[in-house]
Every structure is written in C-alpha cells, then in structure tokens.
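See below for the structure under consideration.
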Amino acid sequence: MTTEISHISVQYSKTIGRGEQFGPGFNYPVFVARGKEGIMYVLCRGTEFRPEGVRVTVCTTDEEYVATFARGIDYQGPHEHNMEDGSLVWPTCIALDSQENLFISDEWLNRISSFSKDGDYLGKWEERSGTGDGELDRPSGMAFDADDNLYIVDCGNHRVQKFNKDGKFLMKFGTEGSGDGEFNMPWGITIDGNGDIFIADWRNDRIQKFSPDGTFLMKFGSSGSGEGQFDRPTGVAVDKDGVIYVSDWLNNRLQIFDAGGNFVGLKTGEAGISKWAKDKLDANAEMWDERERAQGLEREKDFWGPTGVTVDDDGRIFVPESARNRIQVYRSQSPTFAGPRL
Amino acid sequence: MPDQDISLIAHLMRRAGFSAPLEELQARAAKGYDATVDELLDPESQPPMERDIMMRYKADWLAQAGLEGQQEEWTFRMINSKRPLQEKIALFWHCVLVTGHAKCEYPKQQSMELDMFRTVGMGSFHELLKGLSKDPAMVFYLDNCMSHAGAINENWGRELLELFSLGVGMDGEFNYSEDDVKAAARAFTGWTVTNSIPRYPYGKYEAKFMYDPRDHDNDDKTFLGETGNFNGEDIVDIIVRQPATARFVARHLYNFFVADEPQVPAWKDSPPIDASAIKELEDEYFRSNYNITAMLRVLFKSDWFKAATFAKIKSPAETVVGTLKLVGDFKFPRPGLDMMTMNIRFMGQDLLNPPTVEGWHTGREWIDSGTLVERINFTADQVGNLNHSGVKNIINRVGSIGPVLTADQLIDACLENLGSYQLHQETRNQLVEMASGEGEIRSDAEGFPLQVATMLQSIVATTEYLFA
C-alpha cells in the first residue's frame, strides 16, 4: 500500500528582528525585499511621532545588521510636511530592479523614490497625484517584471499601472468594483515566473491573477475566517513551484494555496526568540525573569498584523508583522528523502 | 424649516455629539428632533467605524500605539463616527471612571476600556460597574492587584465609592464610612490581573482579568448596613441600589450633557442647580433598572435640556473635535492628526492621561489665560483656513445670500454656520463695526472669502463661542 504525499510542505524556520527605533531591529515593518547574497531590505513604516523609525533596515537572513537608510519626516504643522528628497511619510513597499536598486512607494506623498542597495538616494518620480494615466492615488504594492518594468498597485484608484523604470506610463488595468478584474483598495502584488500578476484585492478579500497584459485569469478567496477565506489580505507571493502564499492580515495568519488557488494549509504563527531578541534579553536579564512569570506567553508565537509576504529562490517565506516588529520565516520543503548527511 | 429647529438640533449635536456642520444640522432638523434623539440613542443603527482602513494607514493603531497614538485614534473616531453619542458617552465615562496612561502597563488597554464604555456605557450602570471592576486597566491603575486577603489596598474600594458611584455625600450627609471602604476593599480581594509579557523584544500584550479565590477574604463584611460574606459583585449589587448612586449618575449626566454644575468634591454640600431635573433622572435610573440610555432619553427630550443652550463651557476635546468636524478636516486618515490632537492637551485635557483619579474639573476651570489663548488660536486658525472644504462650504452658503450683504447678514450667516451661535449685543456691535468698516460686502468680490473667514475668526474668538 502506498501513501500519497503532498508536495507542498511549509515549516517554520526562525524569527528575525525586535522592536527598535534605531540600529538592529524594526519599527512597524511592512515589507521585506530579498536582495542577493542573503541581504534583506526591511521597510519600516514607523510612526509620525518618531520619524527616525521610518527607514529601511538592511540585514542578512542570518540576522546580521548591515545598515539603515532613508528617513521619516520632520514636519512643521498638520499641513506642512518636509517634502525633501529621500523623505518617506507613509512608505508601503520596496521593489528591487535587476540592479538591486530599491524603489519605494509612499502612499502619502504619491511618490516613488529610489535608492541604491548601499542606501544612496538616486532620485524620485515627480509626484503625480490624480486619477489620470500615470497618476497615482496611494500607491501601495509594487513589483518589477523580468524586463525591469514596474507594476504599481494604485490603491486609491482601484487599479494597477505599469511603468518603465524611469516612470513612463505604459498601461493600466482594473477599475473599482467587485467583479472579475475589478478592485477594492488593492494592496499587495507579485509576479510569478511566467510573468503573471497576482494582486491582493484587499477590501474584496480575494486574490486575483492576471496575465502580463492585464487579462483576468482567475480569482480565489472570499470574506471570512474559514480555510481559504480572508480578512483583508495584504500581501501575496508565489514561489518557483507556483505555490501561492497570502498574508491574511486581520485573520492573523499565512495561508497557502496551490497554483490553482486551492487551499493547502495555513500557519497562525510560531515565532520564537530571534537572535536580536536574545541579545536584548541577555542585556536586560530582568526581562528573562518577567517572561518566566508572564501569563499567556504562548501568545507571542502568533502572527499579529502580517502585512506582507515575500518568497526567495531558496524556498524561504518571509512574513513581516507590523504589530510585532519582527519577521517570521518559513521554509517550503520537499517531503521526500533528500539523502544522508555527507 | 424654522431657524429654531436648526438651532435646537445644533444644541443637541453639541451635547450628544461633537457639533456638526450646517448641512448635517439641516438634514437632522428635517428628520425631526425626537427622531434624531432616538437615532443617537441607538448607535447600532448606524454604520461602525471602518477600522480596517484606519489601521491600514495608521499602522500603530493596530496594536502598539503609545499615548499619542491612542489619543490620535480616539480623536479620529470622535471626528468621523456615525455614532456620535457612542463616542460622547465614551468621553463621558472616561471623565468619570478614570484611568490614566501615567499608570498603565499597555496603552492599548485603555482603548479596550473605551470600547467597553462605547457599548456597556450606554446600557446598565450595574453592568458597567461590574465590567469596570474587572477591567485590567482599572485593576492595575487603582492597585486592586496589590490588594490581598489580610493585607488590603484600599485604593480601588475607596475610589469606587467616592468617585465612581456613591460620591462622598449628598444633602449634607456622608454616603459611606471608612469602614465601608475597608469592607469593599476586602470584598474585592482576589480580583487581579495576569502578569504581563515584557515590552521587549516584540511589544506588549494586554493583561487579562483573573479571580484568585485563594487570595479572597472569605470572612463576613458589613457594607452600607448589610452583612455577609460579600464578594465584589455583591458590593456592586448593593451600590447600585443606593439613592446616592442615582444622584451621582444623575448629577454627572447633568453636568456633562446639560449645564455646568459645581465640581464633584462640592456635591455633598452643594445642591444640584436644577433639583427637579436631577429628580427626574434619579427616578428614571430606578425605573429603568439603572439604564443609561433610558436616562439620556429623558434628558435629551426634556424641556430643561432644550432650554439649556450655551450653559456649558466646551471641553478641550469638544472644542478641537467640533472645529475639525466643522471645517471638514481629517475625514480620512492622514499625517498631521497627532498635532491636532496635541491641541486638546494644550487646552488642558490630556485625553487618557487625566491629572488625577478625579479626572478633570470642568466648566470655567477649563479656562485660564494660557488655555484661552490656545483655544482662540486653534479655532481661529482652522476656520480661517480657506483650503478647508468646510470653510469653503460656509463661504459659498454665506455668498448665496445675494450679491451684496449687510454687516448683519454676514454676521448672522456666520453665526448660523458655526452652529446657531448667539452674541451679546455689545459683542455684536463690535463685529458690525468691524464688518462695516471694510465698505460694501460683495459676495462676488475677490476678497469675499477672506472677509467671511475673518468674520468666522472674530466670532470664534468671542466669549460666547467658549460655550456649548
């Protein structure tokens, strides 16, 4: 008798991060971009009260701190913001081009800023608020295709727009609504190996898939907390095998689907003590004691505000939790024998 | 519709909400006063806040906001809630059943308390006191987690009686004794909270209420003349039956919603300014089985409420929120709200962080030379900002009177748009003189918007505008 196996198996790997305004750590992390050689760029949304927490934290997947760049704003009044180049107000997403330059969307400034992988400010697309072609209203998720064209989720206009890397408008698709190919405040985006586009259709509680030219291909998900249902999905990612991962924001979980959009499984969180967290606790030993006394410490494992999902070529899945200042890392695994240790 | 209908609705919305722009007042007046009261008293009939959108754009509102973030979120709710009385009642209870950020382990715990005020706070006072007794923010704030069988901490027991239910006294008599305080404290031993998870590395979590029977004093207690092996619920049961509690709730409702009363410490020896109104509310308290909504229905539909226009000094929260509603700002989350919220603090009301367990003194105590300047500067800045949609609406409405306006027409239109305010004759004369001094007032003139805005600024700087 044989036992049929599922080839989709996802296992918790580790936790990265801790809450910090400066240095090693994150402050309301909302997105992870994976660079080369183990580099991660973590976009910290921060708050208006502490603009220094609005930044990009650069670290490795082994939790080695590398650098911080970009900055929040100092503003002089409720209507007077520092619009200086390189400033971020409400950063939402990082997209990496083929040169590993970072493009960062800002849904308050309606601005796309770019930085080198070393954090040097490269420039910005001129602010283009509006509803016309090429204009933006609260840009959120972004992703480059294989030709270095940038797809931007234009949340407030309930559509997706495609630009070249210099910001020239190329095409758009989607309108406001709940029908096929329509959106309600979409958020996350990813492009799979075939160039197809997946959109987290946030307020419609579903994922939609499109061809590169914007033709509707499929959808899955509905409102709710059952398997395969969503409560405001924020991010979507597709691995090299076509497995789809969705950060299910207000349900506080990661859901996993096969390439056809069929529910496979979910993770509610298994966070542990990260390397940076251990450093912090070791430096403040009384916190270890407090943790031993604390009731309900198991809550710490759970996702709280999973705000995006990113997969890398090594089958790792990164889920930033804006409410917990950390990233839970999972790994896609093959269930079949991989050979003995050499 | 008659102007008096608009003016009465404006009065109602200042008290049962946070004021409203003229177009909303007109719509409500068309619906009718009683129907508007009924709608306000039934918040579930209106849509809730869109919390998903709030938290999407203000990431800290999801879980981690500190004091400023909590204040900001609440201010946003007060500005935008379609259930204005629900937010007003939350503010009311926050001013009475006080906890403070200065002694709060997890700031979100106070927002969770506000959620209780929004719901239970419009129901039975009996249930509200029981909920308050188990509220982790309160248990920690008033040290009941430090009160143990054989070693009581009287803080919660004392404030429960003095500031949260009976009051020190009424009609010249004390409402309870020191022995009653001790008995209440003993009855609440074992009511505690869980040990919390430390802030680092990932952030705080809310505490949970716990009852520890091993730490409860199981001996008999005598409380307000009744004897038994009382637990906390029994104390609340006895409290809500007291005439003093009816008086306490009635006077607080009257002071907050109707007219400025003497401050709480004076209530033992200072009779209510309208004894018959308080009696009506007390009677409804018992008739309705301690139901707050029932008491508010009596209050808002009474003649004495309708007659009490401009009998209260606006609180800082009412001032800031009412102004922002009027000018149409912050209808959607955006940066800068924290600076607006700071104005509430600068005017003397640091929401969620009151000066003492007694909360804020109200009425004329809101005003001093510093807070007065803050009020005038803030409101004048807002109504004078020609970019605000609400200000533009006002200018358009004023301009629609005709191509040429008299000074009186300009003033009356501005007063109506600000909420049917009334001016003393001396004040009015000064404004007429100011408006007349600029020559003919033409609505098609380039400077007309500024003329209107200047008049609005002049009105909000008057003594009359301090009142609600």
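Top line first, the protein sequences correspond to chains L and Z.
First residue of the first sequence: -12, per the working numbering; consecutive thereafter.
First residue of the second sequence: 12, per the working numbering; consecutive thereafter.
Every residue gets a Cβ at the ideal spot worked out from N, C-alpha and C, and that includes glycine.
Straight-line CA distance for Z:Phe29 to L:Ala54? Walking along the second sequence from the start, residue 29 of chain Z turns up at place 18. Walking along the first sequence from the start, residue 54 of chain L turns up at place 67. Roughly 47 Å separates the two Cα atoms.
Assuming L:Leu83 contacts L:Ala20 (C-beta within less than 8 Å), just tell me the rounded distance between them. Counted from its first residue, the first sequence places residue 83 of chain L at position 96. Counted from its first residue, the first sequence places residue 20 of chain L at position 33. 5 Å between Cβ atoms; contact.
Measure the C-alpha to C-alpha separation of Z:Leu337 and Z:Gln37 and round it to an integer number of angstroms. As a first step, residue 337 of chain Z must be located in the second sequence, where it is residue number 326. As a first step, residue 37 of chain Z must be located in the second sequence, where it is residue number 26. The straight-line gap from Cα to Cα measures roughly 14 Å.
Z:Gln75 CB to nearest chain C CB: under 7 Å? The structure shown contains no chain C; its protein chains are L and Z.
Quick check on DSSP: helix, strand or coil for Z:Ala218? Translated into the one-based positions of the second sequence, residue 218 of chain Z becomes position 207. Of the three classes helix, strand and coil, the one that applies to Z:Ala218 here is coil, per DSSP.
Please state if the CB of Z:Pro344 and the CB of L:Glu277 are separated by a distance shorter than 7 Å. In the first sequence, the residue the question calls residue 277 of chain L occupies position 290. In the second sequence, the residue the question calls residue 344 of chain Z occupies position 333. Not closer than 7 Å, so no.
Beta-carbon neighbours of L:Val76, restricted to chain Z and to distances below 9 Å: Looking up residue 76 of chain L in the first sequence gives position 89. Near L:Val76 (Cβ distances below 9 Å), the residues of chain Z are Pro346.
Suppose the cutoff is 8 Å on Cβ atoms and the five residues either side in sequence are ignored; what does the same chain contact list for L:Ile260 look like? Here residue 260 of chain L refers to the residue found at position 273 of the first sequence. Listed in chain order, the non-local C-beta contacts of L:Ile260 below 8 Å within the same chain comprise Thr2 and Leu268, local neighbours out to five positions each way being set aside.
Limits of the alpha helix (DSSP H) - the one that Z:Thr47 falls within: Reading the second sequence from its first residue, position 36 is the one you call residue 47 of chain Z. In this chain, the alpha helix (DSSP H) harbouring Z:Thr47 covers Tyr44 to Leu51.
Determine, using beta carbons only, whether Z:Ile163 and Z:Ala196 come nearer to each other than 7 Å. Here residue 163 of chain Z refers to the residue found at position 152 of the second sequence. Here residue 196 of chain Z refers to the residue found at position 185 of the second sequence. Yes, these two residues count as a Cβ contact at 7 Å.
Taking 7 Å as the limit between beta carbons, can you name the residues of its chain near L:Pro38, skipping five residues before and five after? Your numbering for residue 38 of chain L matches position 51 in the first sequence. Sequence-distant Cβ neighbours of L:Pro38 in its own chain, meaning closer than 7 Å and more than five residues away, are Arg58, Gly59, Ile60 and Asp61.
Buried or exposed: Z:Gln81, going by 16 or more other Cβ atoms within 10 Å of its Cβ? Within the second sequence, numbered from 1, the residue matching residue 81 of chain Z stands at position 70. Z:Gln81 comes out buried.
Which residues of chain L have a Cβ atom closer than 8 Å to the Cβ of Z:Ser158, listed in chain order? In the second sequence, counting from the first residue as 1, residue 158 of chain Z sits at position 147. Within 8 Å Cβ-Cβ: nothing; Z:Ser158 doesn't reach chain L, min ~19 Å.
Measure the Cβ-Cβ separation of L:Pro11 and L:Trp275 and say whether it is below 7 Å. Taking the first sequence and counting its residues from 1, the one referred to as residue 11 of chain L is at position 24. Taking the first sequence and counting its residues from 1, the one referred to as residue 275 of chain L is at position 288. Cβ distance not < 7 Å, so L:Pro11 and L:Trp275 don't count as in contact.
Alpha carbon to alpha carbon, what distance is there between L:Trp112 and Z:Asp349? Within the second sequence, the letter at position 338 stands for residue 349 of chain Z. Within the first sequence, the letter at position 125 stands for residue 112 of chain L. Their backbone Cα atoms lie some 28 Å apart in a straight line.
Give a yes or no on whether the minimum CB-CB distance between L:Asn312 and chain Z is below 7 Å. Against the first sequence, residue 312 of chain L aligns to sequence position 325. Output row for L:Asn312: interface = yes.
Z:Ile412 vs Z:Arg375 beta-carbon contact at 7 Å: Here residue 412 of chain Z is taken as the residue at index 401 of the second sequence, counted from 1. Here residue 375 of chain Z is taken as the residue at index 364 of the second sequence, counted from 1. It is not a contact, given that the beta carbons lie outside the stated cut-off.
Which of helix, strand or coil does DSSP assign to L:Arg240? Along the first sequence, one-based indexing puts residue 240 of chain L at 253. In the structure shown, L:Arg240 adopts extended strand secondary structure according to DSSP, grouped into three states.
Assuming contact is defined by CB atoms lying nearer than 7 Å, are Z:Ile387 and Z:Ala472 in contact in what I supplied? Residue 387 of chain Z sits at position 376 when you count from the first residue of the second sequence. Residue 472 of chain Z sits at position 461 when you count from the first residue of the second sequence. Yes; because the gap between Cβ atoms is below 7 Å, this pair is in contact.
Can you pull the chain L residues whose beta carbon is under 8 Å from the beta carbon of Z:Glu79, in chain order? Sequence index remark: in the second sequence, residue 79 of chain Z carries index 68 (1-based). Here the neighbours are Phe36.
Rounded to whole angstroms, what's the CA-CA distance from Z:Asn16 to Z:Asn428? Just pull it up for me. Here residue 16 of chain Z corresponds to residue number 5 of the second sequence, with the count starting at 1. Here residue 428 of chain Z corresponds to residue number 417 of the second sequence, with the count starting at 1. The question names Asn, but residue 16 of chain Z in the sequence shown is Asp. Z:Asn428 has its alpha-carbon roughly 14 Å from the corresponding atom of Z:Asp16.
Can you confirm whether L:Leu284, when its beta carbon is compared against all beta carbons of chain Z, has any partner nearer than 7 Å? What you label residue 284 of chain L is simply residue 297 of the first sequence in a count that begins at 1. Taking CB atoms only, L:Leu284 has a neighbour in chain Z less than 7 Å away.
In its own chain, which residues sit with a C-beta less than 6 Å from the C-beta of Z:Tyr301, not counting the 5 before and 5 after it? Working through the second sequence from its first residue, we reach residue 301 of chain Z at position 290. So the list reads Ser135, Phe136, His137 and Val251, once near-sequence residues are dropped.
Please classify Z:Tyr222 as buried or exposed, where buried requires at least 16 other C-beta atoms within 10 Å of its C-beta. For this step, residue 222 of chain Z is matched to residue 211 along the second sequence. Classification of Z:Tyr222: exposed, given that the 10 Å Cβ count is below 16.
Runs of 4 residues minimum, wholly inside the stretch 255 to 289 of chain L: which ones carry the alpha helix (DSSP H) assignment? Qualifying alpha helix (DSSP H) stretches, in chain order: 262 to 270 and 272 to 280.
Does any C-beta atom of chain Z lie closer than 7 Å to the C-beta of L:Ser309? Translated into positions along the first sequence, residue 309 of chain L becomes position 322. Taking a beta-carbon distance threshold of 7 Å, L:Ser309 counts as an interface residue toward chain Z.
Could you tell me which chain Z residues have their CB closer than 7 Å to the CB of L:Leu237, listed as they occur along the chain? Counting from one through the first sequence, the residue named residue 237 of chain L turns up at place 250. The contact set of L:Leu237 on chain Z, defined by CB atoms closer than 7 Å, consists of Asp63 in chain order.
Under 6 Å Cβ to Cβ from L:Ile231, same chain only, skipping five residues before and after it: list those, please. By 1-based counting over the first sequence, the position of residue 231 of chain L is 244. Excluding positions up to five away in sequence, the list reads Val225 and Phe244.
Compile a chain-ordered list of the residues in the stretch 276 to 304 of chain L whose CB is closer than 7 Å to at least one CB of chain Z. Flagged, chain order: Glu277, Arg278, Arg280, Ala281, Gln282, Gly283, Leu284, Arg286, Glu287, Trp291 and Gly292.
Could you tell me the boundaries of the beta strand (DSSP E) in which L:Phe90 lies? Taking the first residue of the first sequence as 1, we reach residue 90 of chain L at position 103. Run containing L:Phe90: Leu89 to Asp93, per the beta strand (DSSP E) assignment.
Are Z:Gly183 and Z:Asp280 touching if we call contact CB-CB under 7 Å? The residue given as residue 183 of chain Z occupies position 172 in the second sequence. The residue given as residue 280 of chain Z occupies position 269 in the second sequence. At the C-beta level, Z:Gly183 and Z:Asp280 come within 7 Å of one another.
Ordered along the chain, which non-local residues of its own chain (more than five positions away) have a Cβ less than 6 Å from that of Z:Arg356? Along the second sequence, one-based indexing puts residue 356 of chain Z at 345. By the criterion of a C-beta distance shorter than 6 Å, Z:Arg356 is surrounded by no residue of its chain, once the five residues flanking it on both sides are discounted.
Assuming contact is defined by CB atoms lying nearer than 7 Å, are Z:Ala21 and Z:Gly430 in contact in what I supplied? In the second sequence, counting from the first residue as 1, residue 21 of chain Z sits at position 10. In the second sequence, counting from the first residue as 1, residue 430 of chain Z sits at position 419. With contacts defined by Cβ atoms closer than 7 Å, Z:Ala21 and Z:Gly430 form a contacting pair.
At the 7 Å Cβ level, is Z:Pro327 part of the contact set with chain L, yes or no? By one-based count along the second sequence, residue 327 of chain Z stands at place 316. Judged by the 7 Å Cβ criterion, Z:Pro327 is not in contact with chain L.
Does the beta carbon of Z:Ile208 come closer than 7 Å to any beta carbon on chain L? Indexing the second sequence from 1 puts residue 208 of chain Z at position 197. Taking Cβ atoms only, chain L reaches closer than 7 Å to Z:Ile208, which makes this a yes.
Three-state secondary structure (DSSP) of Z:Leu363: As a first step, residue 363 of chain Z is located in the second sequence; it is residue number 352 there, counting from the start. It is coil, neither helix nor strand.
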